[in-house]
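S.K.: This is the structure I want to talk about, given as structure tokens.
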Amino acid sequence: AQSVTQLGSHVSVSEGALVLLRCNYSSSVPPYLFWYVQYPNQGLQLLLKYTSAATLVKGINGFEAEFKKSETSFHLTKPSAHMSDAAEYFCAVSAGFYTGGFKTIFGAGTRLFVKA
Amino acid sequence: KAGVTQTPRYLIKTRGQQVTLSCSPISGHRSVSWYQQTPGQGLQFLFEYFSETQRNKGNFPGRFSGRQFSNSRSEMNVSTLELGDSALYLCASSFPTRSGTDTQYFGPGTRLTVL
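Listed in order, the protein sequences are those of chains A and B.
Residue numbering for the first sequence follows the working numbering, starting at 1 and increasing by one per position.
Residue numbering for the second sequence follows the working numbering, starting at 117 and increasing by one per position.
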């Protein structure tokens, strides 16, 4: 079985400050891990994904995440927050098409607020 | 290349009615998945289709059904609508690869309101 826990339903940072969104997962098979962003009234946009090629994954818009198997974590970071980063962020785990299918499990989401 | 399209974008129905939502995947993508998003339950997996076959199904009642056509377009149907079915329904498509670079691309969603 797979599950995802996002710590903190709301995170507030100042513009220019470090963004850290926490995600812990559990999976009985090697996981595919994802971070998605959702802006109001829009679908999900992929920020980055981990597929075992590298533990430090770089995504779009300056975001990156590090896969730590020992901690079962996949935290999302960005060195300097921008006002346009204000959105809801979802961590997700999937078994992958050939190892269980795309029954992706999402975390509850973290809403990021960026203060001027 | 055009993204995932979903129609209609907004729907208003009354309790007891049925509704059909449509999803057109990215050209060449043969895997389509559906998700329901609500404020209370978050994002929940509904179904996954590949080559017209349902591969996986989430924990939803039988009122929720879906299908995929030979051109990979997919529809989902909800019968006997209940107030709790009000949600954003998201469709995602993918081109599965054995290298593990599977990525699901999401459409903008269909906002269903049940009155």
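Yeah, the Cβ is synthetic: ideal placement off N, Cα and C, and Gly gets one too.
Bear in mind the structure is a predicted one, so any value in this text is a computation, not a measurement.
Which word fits residue 1(A), buried or exposed, when buried means at least 16 other C-beta atoms lie within 10 angstroms of its C-beta?
M.R.: Here residue 1(A) is taken as the residue at index 1 of the first sequence, counted from 1. Answer is exposed; the Cβ neighbour count stays below 16.
S.K.: Over what stretch of residues does the beta strand (DSSP E) that includes residue 210(B) continue unbroken?
M.R.: Locating residue 210(B) in the second sequence gives position 94, counting from the first residue. From DSSP, the beta strand (DSSP E) with residue 210(B) extends over 203-210.
S.K.: Of all the CB atoms in chain A, is at least one closer than 9 Å to the CB of residue 184(B)?
M.R.: In the second sequence, counting from the first residue as 1, residue 184(B) sits at position 68. Closer than 9 Å: no.
S.K.: Work out the CA separation of residue 68(A) and residue 115(A) for me, nearest whole Å.
M.R.: In the first sequence, the residue the question calls residue 115(A) occupies position 115. In the first sequence, the residue the question calls residue 68(A) occupies position 68. Near 30 Å, if we compare the C-alpha coordinates of residue 68(A) and residue 115(A).
S.K.: Quick one: is residue 41(A) near chain E, going by C-beta distance under 9 Å?
M.R.: Note that chain E does not occur in the displayed structure, where the protein chains are A and B.
S.K.: Please identify, using Cβ separations under 7 Å, the residues of the segment 147-174 of chain B that lie next to chain A, in order along the chain.
M.R.: Here the close residues are 147, 149, 158, 159, 161, 164, 171, 172 and 174.
S.K.: Less than 9 Å between CB atoms is the rule here; does residue 87(A) satisfy it with respect to chain B?
M.R.: As a first step, residue 87(A) must be located in the first sequence, where it is residue number 87. No, no contact with chain B.
S.K.: For the putative contact between residue 139(B) and residue 190(B), defined by C-beta atoms under 8 Å, what is the C-beta separation to the nearest angstrom?
M.R.: Residue 139(B) sits at position 23 when you count from the first residue of the second sequence. Residue 190(B) sits at position 74 when you count from the first residue of the second sequence. Yes, residue 139(B) and residue 190(B) are in contact; Cβ-Cβ is about 5 Å, under 8 Å.
S.K.: Look at the alpha carbon of residue 5(A) and the alpha carbon of residue 228(B), and state the distance between them as a whole number of angstroms.
M.R.: Translated into the one-based positions of the first sequence, residue 5(A) becomes position 5. Translated into the one-based positions of the second sequence, residue 228(B) becomes position 112. Rounded to the nearest angstrom, the two C-alpha atoms are 27 Å apart.
S.K.: For residue 158(B), which of helix, strand or coil comes out of DSSP?
M.R.: Taking the second sequence and counting its residues from 1, the one referred to as residue 158(B) is at position 42. Three-state result, residue 158(B): strand.
S.K.: Residue 260(B) touches chain A at which residues, Cβ-Cβ below 9 Å?
M.R.: Examination of residue 260(B) is not possible in this model, given that chain B is present from 117 through 231 alone.
S.K.: Strictly under 9 Å for the Cβ-Cβ distance: is residue 107(A) near chain B by that measure?
M.R.: Numbered from 1 along the first sequence, position 107 holds the residue referred to as residue 107(A). It does; some Cβ of chain B falls within 9 Å.
S.K.: Chain B partners of residue 90(A), CB-CB under 9 Å?
M.R.: Residue 90(A) sits at position 90 when you count from the first residue of the first sequence. The answer, in chain order, is 158 and 159.
S.K.: Let me know the secondary structure DSSP gives residue 197(B) once reduced to three states.
M.R.: Taking the second sequence and counting its residues from 1, the one referred to as residue 197(B) is at position 81. Note: residue 197(B) maps to coil in three-state DSSP.
S.K.: Short of 7 Å in beta carbon distance, which residues of its chain neighbour residue 52(A), apart from the five on each side in sequence? Order them along the chain.
M.R.: Sequence index remark: in the first sequence, residue 52(A) carries index 52 (1-based). Correct list, in chain order: 30.
S.K.: Hey, residue 34(A) and residue 47(A): beta-carbon distance below 9 Å or not?
M.R.: On the first sequence, residue 34(A) is found 34 positions in, with the first residue counted as 1. On the first sequence, residue 47(A) is found 47 positions in, with the first residue counted as 1. For residue 34(A) and residue 47(A), yes; Cβs fall inside 9 Å.
S.K.: From the DSSP output, which residues share a beta bridge with residue 45(A)?
M.R.: For the purposes of this step, residue 45(A) is taken as the residue at position 45 of the first sequence. According to DSSP, which records beta bridges pairwise, residue 45(A) is partnered with 37(A).
S.K.: Is residue 172(B) helix, strand or coil when you go by DSSP?
M.R.: Taking the second sequence and counting its residues from 1, the one referred to as residue 172(B) is at position 56. Reduced to three states, the DSSP call for residue 172(B) is strand.
S.K.: Under 9 Å, do residue 15(A) and residue 87(A) count as touching if we go by C-beta distance?
M.R.: Position 15 of the first sequence, counted from the first residue, corresponds to residue 15(A). Position 87 of the first sequence, counted from the first residue, corresponds to residue 87(A). Result no, Cβ atoms of residue 15(A) and residue 87(A) do not sit closer than 9 Å.
S.K.: Output needed for residue 25(A): all residues of its chain with C-beta closer than 8 Å, excluding positions within five of it in sequence on either side, in chain order.
M.R.: By one-based count along the first sequence, residue 25(A) stands at place 25. Excluding sequence neighbours, residue 25(A) sits near 2, 3, 4, 5, 31, 33, 72, 73, 74, 91 and 93.
S.K.: Only counting the same chain, and skipping five residues up and downstream in sequence, which positions put a Cβ closer than 7 Å to that of residue 12(A)?
M.R.: Stepping through the first sequence from its first residue, residue 12(A) is reached at position 12. The residues are 113 and 115.
S.K.: Please classify residue 62(A): does DSSP put it in a helix, a strand, or coil?
M.R.: Within the first sequence, numbered from 1, the residue matching residue 62(A) stands at position 62. Residue 62(A) falls in the helix class under three-state DSSP.
S.K.: Kindly indicate which three-state DSSP category residue 94(A) falls into: helix, strand or coil?
M.R.: Numbered from 1 along the first sequence, position 94 holds the residue referred to as residue 94(A). Residue state, collapsed to three classes: strand.
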